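The next block holds one structure in the form of structure tokens; read it before the comments.
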Amino acid sequence: MRFLFEDYTLDLERRELKRGQQAIPMTPQAFDLLVVLIQNRNLVISRDRLLESVWGGRIVSESTINSHINAVRHALGDNGQEQRLIRTVSRKGVHFVGLVSELDARPMPTIFNGSGNPLAGIPPVPARPSIAVLPFTNLSENPLQGYFADGITEDIIEALTRVRRLFVAARSSSFSYRGRAINVQQIGRELGVRYVLDGSLRRAADRLRVSVHLIDAVTGRNIWADRFDSVVDDIIDVQNYIATSVVGAMMPKLEQAEINRAMHAPTESMDAYEHYLRGMACFNRGGRRGLRQALTFFYMAIELDPEFGMAYCTAAWCYVLLKQSFWMDDIALESAEGARLARLAVEVENEDGRALTWGTYALGHFGEDLDVCSTHMNRALNISPHLSKPWYLSGGQKLSAGRHEEALERISQAQLIDPGKTEVREIAILSSLAHMLQGRVEEAGSWAQKAFAVAPDLPRAIGLLAASHALCGRGQEAARAMALLRQHGPELRLSGVRNWVHLRRQEDLDVFEDGLRRAGLPE
1 MRFLFEDYTL
11 DLERRELKRG
21 QQAIPMTPQA
31 FDLLVVLIQN
41 RNLVISRDRL
51 LESVWGGRIV
61 SESTINSHIN
71 AVRHALGDNG
81 QEQRLIRTVS
91 RKGVHFVGLV
101 SELDARPMPT
111 IFNGSGNPLA
121 GIPPVPARPS
131 IAVLPFTNLS
141 ENPLQGYFAD
151 GITEDIIEAL
161 TRVRRLFVAA
171 RSSSFSYRGR
181 AINVQQIGRE
191 LGVRYVLDGS
201 LRRAADRLRV
211 SVHLIDAVTG
221 RNIWADRFDS
231 VVDDIIDVQN
241 YIATSVVGAM
251 MPKLEQAEIN
261 RAMHAPTESM
271 DAYEHYLRGM
281 ACFNRGGRRG
291 LRQALTFFYM
301 AIELDPEFGM
311 AYCTAAWCYV
321 LLKQSFWMDD
331 IALESAEGAR
341 LARLAVEVEN
351 EDGRALTWGT
361 YALGHFGEDL
371 DVCSTHMNRA
381 LNISPHLSKP
391 WYLSGGQKLS
401 AGRHEEALER
411 ISQAQLIDPG
421 KTEVREIAIL
431 SSLAHMLQGR
441 VEEAGSWAQK
451 AFAVAPDLPR
461 AIGLLAASHA
471 LCGRGQEAAR
481 AMALLRQHGP
491 ELRLSGVRNW
501 VHLRRQEDLD
511 VFEDGLRRAG
521 LPE
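Take the sequence shown: its letter number 334 is residue 334 in full-length UniProt numbering, and every next letter is one higher.
Structure, rendered in structure tokens:
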């Protein structure tokens, strides 16, 4: 679908605004806002409707809405005084008043009619990731278990709505497909979503099994499937456990699917979100080159959308990993830049649990007061309790502060959400260090071995393996691990360990340094 007005072309499929042959850069939210206004140009769009359509119903400030309206006007050569194309109607909303024609013959989909009721038109798939959670099917012999299946579905929808930049179809829309024989691709077209989560529930006595499938609604391809088992004790607790487990396991798969999609998107129409996804592909690939490439994409995303919190925090994490891997060219300068990006991540998107988590941990890594970090991290846990990363990274910060048991409790909660599937490396590293600091060196060695098995080139894993071997009295194994560590960081000395592993208590740092000293790290 393409819309023509004046000498502009708005292409929904390519997500591109052009004036003549010149592409006009826009942030994702500004583009979505313009689409909403043009698709509903016969109506005055209220601020509440903009919140629902562009920001998924999340609360944003009045100034944020105004800044995006002004950004759209600027892209169209309009302004608040002239209001040639976008007119503000006092106490009512905004109205696109330009003359528009459409290039293809499909009827124009509208989001709502004059009374605010949804219409049956087919909405476009949003640029951001979008998903519908269909009501889970009750496969139990007892039909009364249907309410239990509905409760789990609703909990999953509620958890997903907390994820910023994820459009989640409303419960009423998803539940309208209950019992209807409609294929997933049709559902995707009708609800305007890229992904569909489908599931079933089977209960026998006190045992419960929930099976789920994540499907690409555009291609019909099955992206991910899993099952979750539980003993039914307390109904509410079981619902929360299943919802948390499903969302925690699904989100990494959803993000990877988006990354894969972005890698095949046309580069000439990339917006901030596409740059972010391509940056994540480089970030996940790792290595010095991968992290440097990722930074290039993240900085592009930030330039296009200065309110993109996840771009700030993942850029900050690039600097964290560069420092931990001895790959910084200028430690002082790049550490300061990492801290700046982390601080902006926390300030820009303080309603995004992931951005808060990554940004806060990076802040602590680059020296921010841990009490301040703890406040931000607790907020992240309240926003995204269904994700494993806030749990184990908050455990890492507790570890930095010397609160070992609290650290292990939070790391254990992360393991429950993600039992060794996607975050095993980081969970193993933090678990190893926590046990080492509490004197349980055999357990520390076991966890270090797990981390080394999945990340044999990661200096932190190698260092923990060397220290734990040495503290357990296994001198030869410790020496081999230390030789490997020195290959990665020949400049590393005991005097520089505090800049590598952030342990704020001297007695904790002494334990780790003692292990590295026994393994052969020079002063």
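Beta carbons: idealized from backbone N, C-alpha and C, even for Gly.
This structure is a prediction, so every number in the text was calculated from the model and none was measured.
Leaving out the 5 sequence neighbours to the left and right, which residues in its chain are closer than 6 Å to residue i when beta-carbon positions are compared?
i: R178; result: P135
i: D229; result: R209
i: M280; result: I259
i: A407; result: G395, K398, L399, A434
i: H488; result: P459
i: residue 525; result: No answer is possible for residue 525: the residues shown for the chain start at 1 and end at 523.
i: A159; result: A243, V247, H386
i: S335; result: F366
i: D206; result: V231, V232
i: R340; result: none
i: L85; result: L76, D78, G98
By Cβ distance below 8 Å, which residues in the same chain neighbour residue i in space, the five residues on each side in sequence not counted?
i: L370; result: G364, Q397, S400, A401, R504
Would you tell me roughly how many angstroms separate the C-alpha atoms of residue i and residue j, rounded to the nearest one?
i: L521; j: A149; result: 57 Å
i: residue 562; j: Y273; result: Given that the chain is displayed from residue 1 to residue 523, the structure contains no residue 562 and the question cannot be resolved.
i: L430; j: H502; result: 12 Å
i: R261; j: W317; result: 23 Å
i: E154; j: R354; result: 22 Å
i: A301; j: L494; result: 38 Å
i: E141; j: N240; result: 23 Å
i: V246; j: M328; result: 38 Å
i: I331; j: R288; result: 15 Å
i: W55; j: R171; result: 17 Å
i: V232; j: Q145; result: 12 Å
i: E16; j: I157; result: 30 Å
i: E6; j: Q22; result: 14 Å
i: G116; j: L322; result: Unreliable placement is indicated for G116, whose pLDDT of 39 sits below 50; no coordinate value is reported for it.
i: S63; j: R47; result: 12 Å
i: C282; j: L291; result: 6 Å
i: N382; j: T360; result: 14 Å
i: R403; j: N378; result: 15 Å
i: L509; j: R517; result: 12 Å
i: I411; j: E368; result: 22 Å
i: F31; j: N40; result: 14 Å
i: A451; j: D457; result: 10 Å
Quick one: residues in its chain with C-beta nearer than 7 Å to the C-beta of residue i, no 5 flanking neighbours on either side, listed in chain order?
i: E442; result: C472
i: T338; result: With the sequence shown as reference, residue 338 is identified as Gly, and Thr is not the correct amino acid for it. Only A316, Y319, V320, A362, F366 meet the Cβ criterion.
i: V511; result: M436, L437
i: L295; result: A315, C318
i: I38; result: F3, L10, F96, V100
Could you give the C-beta distance for residue i and residue j, rounded to a whole number, given that I count them as a contact under 8 Å?
i: P459; j: S325; result: 6 Å
i: A249; j: V196; result: In fact, because the Cβ distance is near 16 Å, the residues do not count as touching under 8 Å.
i: A481; j: A519; result: 7 Å
i: A380; j: L356; result: 4 Å
i: H469; j: G445; result: 6 Å
i: V238; j: D226; result: Wrong, their Cβ atoms sit about 17 Å apart, outside the cutoff.
i: T137; j: S200; result: 4 Å
i: L344; j: Y312; result: 5 Å
i: D198; j: A257; result: Between A257 and D198 the Cβ distance is about 15 Å, and since that is not below 8 Å, they are no contact.
Short check: CB of residue i to CB of residue j, under 8 Å?
i: G515; j: A448; result: no
i: L464; j: L484; result: no
i: E307; j: V346; result: no
i: L43; j: V72; result: no
i: I45; j: V94; result: yes
i: S388; j: D418; result: yes
i: G188; j: V218; result: yes
i: I65; j: L50; result: yes
i: R285; j: F297; result: no
i: L304; j: H275; result: yes
i: E102; j: M1; result: yes
i: S61; j: V36; result: no
Count the other CB atoms, across all protein chains shown, that sit within 10 Å of the CB of residue i; report buried if there are 16 or more and exposed otherwise.
i: P28; result: buried
i: E491; result: exposed
i: residue 554; result: This structure cannot settle anything about residue 554, because the visible part of the chain is limited to 1 through 523.
i: T267; result: Bear in mind that the predicted position of T267 carries a pLDDT of just 45, short of 50, making it unreliable; the figure below should be weighed with that in mind. It is exposed - the Cβ of T267 has fewer than 16 other Cβ atoms within 10 Å.
i: P390; result: buried
i: Q186; result: exposed
i: R180; result: exposed
i: S384; result: buried
i: residue 580; result: The chain is shown only over 1 to 523; residue 580 falls outside these bounds and no answer can be derived.
i: E426; result: buried
i: D271; result: buried
i: R91; result: exposed
Any beta carbon from chain B within less than 8 Å of residue i's own beta carbon?
i: R41; result: The structure shown has no chain B; it contains just one protein chain.
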